[in-house]
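If you're matching positions, the sequence shown starts at 3 in the working numbering and goes up one per residue.
A virtual CB, placed ideally from N, CA and C, is assigned to each residue, including glycine.
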Amino acid sequence: DRNEKSLERRYQLGVEPFLKQLGLLDNTNSSKAPVSIDSLSQTVEYQSFLEASKCISTRGFHLTIDEADKEDDDDLKGNTYSGPFLLPVIDLLNHDPSKACTTLQRDSSTGIFSMTAERALAIGEDVVHSYGDSLTSAQLLQTFGFVPYLHTQQVLGTEGTTGSSTGRTNGSQQHCWTPASLHKSDHLTRACLMVKNSVVPRQVRDRINLRKHKNGLESAANGNEEEEEEEEDDLVWEVHDIPNRRMAESIPDEFLVSATDRNRGCLLTEDMITLLAIQFLPEDAFLEIFSTEQSSTRLDRSILTEDCYLGMLVCHSLLTAIGIKADEYATPAAASSSTALSPSRKRASQMTMKSSTSASAVAMKRHIVAMRDQDQKRCSTLLSKSQKSLQEEREMFGLTIRVEEMTNLLLLCDEIGLLVTELER
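Laid out in structure tokens, this is it:
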């Protein structure tokens, strides 16, 4: 659970002292040393707190109070609490944004909640509500505890062909796919360090020098004067000893790779390009551009396309970061099989260390496609079952989210591949 640490901290700082104050928890331990997480997770009180937190998280409703209503209603002035509210019976409504026919309301004078039908309902019609038509599968799972079968159908390309009590029919819009997360230190700067300490910089340098030599021969054959030799040294530089540069807090800790119709082809943001490029810039160039680590200066794609050496190193680091991310995926289908080695069990992060950048881009895309195909096959098997166990349903939810994430990673691979092709020209 990505929120496990925050829950542990909330329990230790707020809940545990309150329980001791009420005499419901042993307060004889005078030691101020923090309880280890393993010990904490074994306590009945913490497990009860987790259960209660999950109930509130997956059942709670949030309502925002309109500022105009506050001005008109004295009872609402100063009221900033927007939830969560636990609303029994109301929380039984199924989710379907395309057929939602209800609106949750709260009477400011009485505090009573009501779910109002927006149109006439037929006898026996399923009353559905929208828990958020712009939420990703991961957000729905984390917030409400489920992933709509429609989302699974869409990631499999079978929308409308498999029964779902709450799924949209043919012609419905695509839902928001879960973005893939690349962490600043765990993925990106770690990948840069791996590239620095590998043979990749030498291979890129050799390819650039070979291309320059070839161009020089062609120029000589055409009767043109050869360029000065010292320019060749300016094309490459030693990167092994360049330190890890963090840019303090001006660069986000996490990058969400999420392709939409509007940003497709622009997944390489200026923040991401800046973070990766500064890991390879020579010291004098770095100091010239960034006077301090707090600098708000950002680099765009032009710095990569105008400097082949830097561009290739950044692209190679991106592919390695994607490989690190791919290594984090564990395939349930592979785990239950003792036969052939699954693609996802290979070390994807090592695939880029001995190949050219263009070959690495192709290999990484094939690797992730193989992983995604395997997950889709397992997901399709689970979806086709008329009766699923709780464990199988949870597995299907997780696989749906993973397929969405890997699809976004593949689109990032495509963008990197196009950039590499441009650099190789």
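Less than 8 Å between the C-beta atoms of residue i and residue j, yes or no?
| i | j | result |
| --- | --- | --- |
| Ala328 | Ala361 | no |
| Phe132 | Ala102 | Just to set this straight, residue 132 is Ser in the shown sequence, not Phe. It is a contact, given that the beta carbons lie within the stated cut-off. |
| Gly85 | Gly62 | yes |
| Pro203 | Val157 | no |
| Val91 | Phe51 | no |
| Cys415 | Ile324 | yes |
| Pro181 | Asn410 | yes |
| Met353 | Met373 | no |
| Leu27 | Glu47 | yes |
| Leu21 | Ser55 | no |
| Glu127 | Thr104 | no |
| Ser429 | Leu258 | Past the edges of the chain, shown from 3 to 427, lies residue 429, and the structure says nothing about it. |
Using 8 Å for Cβ pairs, my map puts residue i next to residue j. What's the rounded Cβ distance?
| i | j | result |
| --- | --- | --- |
| Ile418 | Leu320 | 5 Å |
| Leu425 | Cys310 | 5 Å |
| Thr359 | Met314 | 5 Å |
| Leu401 | Asp375 | Going by Cβ atoms, the distance from Leu401 to Asp375 rounds to 12 Å, so no, they are not a contact pair. |
| Cys448 | Leu212 | Residue 448 lies beyond the range of the chain shown here (3 to 427); nothing can be said about it. |
| Ser293 | Ser252 | Contact flag wrong, Cβ pair sits at about 12 Å. |
Can you give the Cα-Cα distance for residue i and residue j, rounded to whole angstroms?
| i | j | result |
| --- | --- | --- |
| Leu384 | Leu413 | 26 Å |
| Phe148 | Gln155 | 14 Å |
| Leu142 | Arg207 | 47 Å |
| Asp98 | Phe87 | 21 Å |
| His153 | Ser139 | 7 Å |
| Arg11 | Gln144 | 19 Å |
| Leu15 | Met274 | 35 Å |
| Lys216 | Arg209 | 10 Å |
| Ser200 | Thr322 | 12 Å |
| Leu301 | Trp239 | 19 Å |
| His185 | Glu256 | 4 Å |
| Met196 | Gly25 | 53 Å |
| Ser304 | Ser260 | 22 Å |
| Asp93 | Arg396 | 20 Å |
| Val129 | Phe115 | 17 Å |
| Thr262 | Met398 | 24 Å |
| Ser111 | Met117 | 17 Å |
| Glu406 | Met355 | 27 Å |
| Thr423 | Ile370 | 20 Å |
| Arg380 | Cys178 | 22 Å |
| Thr60 | Asn96 | 13 Å |
| Gly159 | Ile326 | 28 Å |
| Leu106 | Phe146 | 16 Å |
| Lys198 | Ser382 | 41 Å |
| Leu306 | Met249 | 19 Å |
| Tyr13 | Leu392 | 28 Å |
| Glu53 | Arg368 | 41 Å |
| Leu123 | Ile58 | 30 Å |
| Leu89 | Glu330 | 38 Å |
| Leu312 | Gly134 | 43 Å |
| Lys1 | Tyr151 | Here the chain comprises residues numbered 3 to 427, so residue 1 is not present and cannot be evaluated. |
| Ala363 | Gln49 | 45 Å |
| Gln205 | Glu394 | 47 Å |
| Ser100 | Gln23 | 49 Å |
| Lys214 | Leu237 | 10 Å |
| Lys390 | Thr45 | 32 Å |
| Thr299 | Thr271 | 13 Å |
| Pro19 | Asp109 | 35 Å |
| Leu289 | Arg427 | 30 Å |
| Tyr83 | Ser357 | 56 Å |
For the beta strand (DSSP E) holding residue i, just list the boundary residues, first then last.
| i | result |
| --- | --- |
| Ser388 | Careful: Ser388 lies outside any beta strand (DSSP E) and carries neither H nor E. |
| Leu258 | Glu256 to Val259 |
| Leu184 | Ala182 to His185 |
| Thr271 | Per DSSP, Thr271 belongs to no beta strand (DSSP E) and is neither H nor E. |
| Ser117 | The amino acid at residue 117 is misidentified as Ser; the sequence shows Met. Counting along the chain, the beta strand (DSSP E) containing Met117 begins and ends at Phe115 to Ala119. |
Starting from residue i, trace the alpha helix (DSSP H) in both directions and tell me its first and last residue.
| i | result |
| --- | --- |
| Gln107 | From DSSP, Gln107 is part of no alpha helix (DSSP H) but of the beta strand (DSSP E) over Thr104 to Arg108. |
| Phe146 | Ser139 to Phe146 |
| Thr299 | Premise fails: Thr299 is in no alpha helix (DSSP H) and is neither H nor E. |
| Phe51 | Val46 to Arg61 |
| Ser304 | Ser304 to Thr307 |
| Ser319 | Cys310 to Glu330 |
| Val197 | Arg192 to Lys198 |
| Ala287 | Glu285 to Ile291 |
| Phe20 | Glu18 to Gln23 |
| Tyr83 | Looking at the DSSP string, Tyr83 is not in any alpha helix (DSSP H), and its letter there is neither H nor E. |
| Leu152 | Tyr151 to Leu158 |
Original post:
At a cut of 8 Å, does the stretch 270-290 reach the stretch 181-195 through at least three beta carbon pairs?
Top reply: yes
Original post:
How about the stretch 283-294 and the stretch 239-259: do they share at least three Cβ pairs that are nearer than 8 Å?
Top reply: yes
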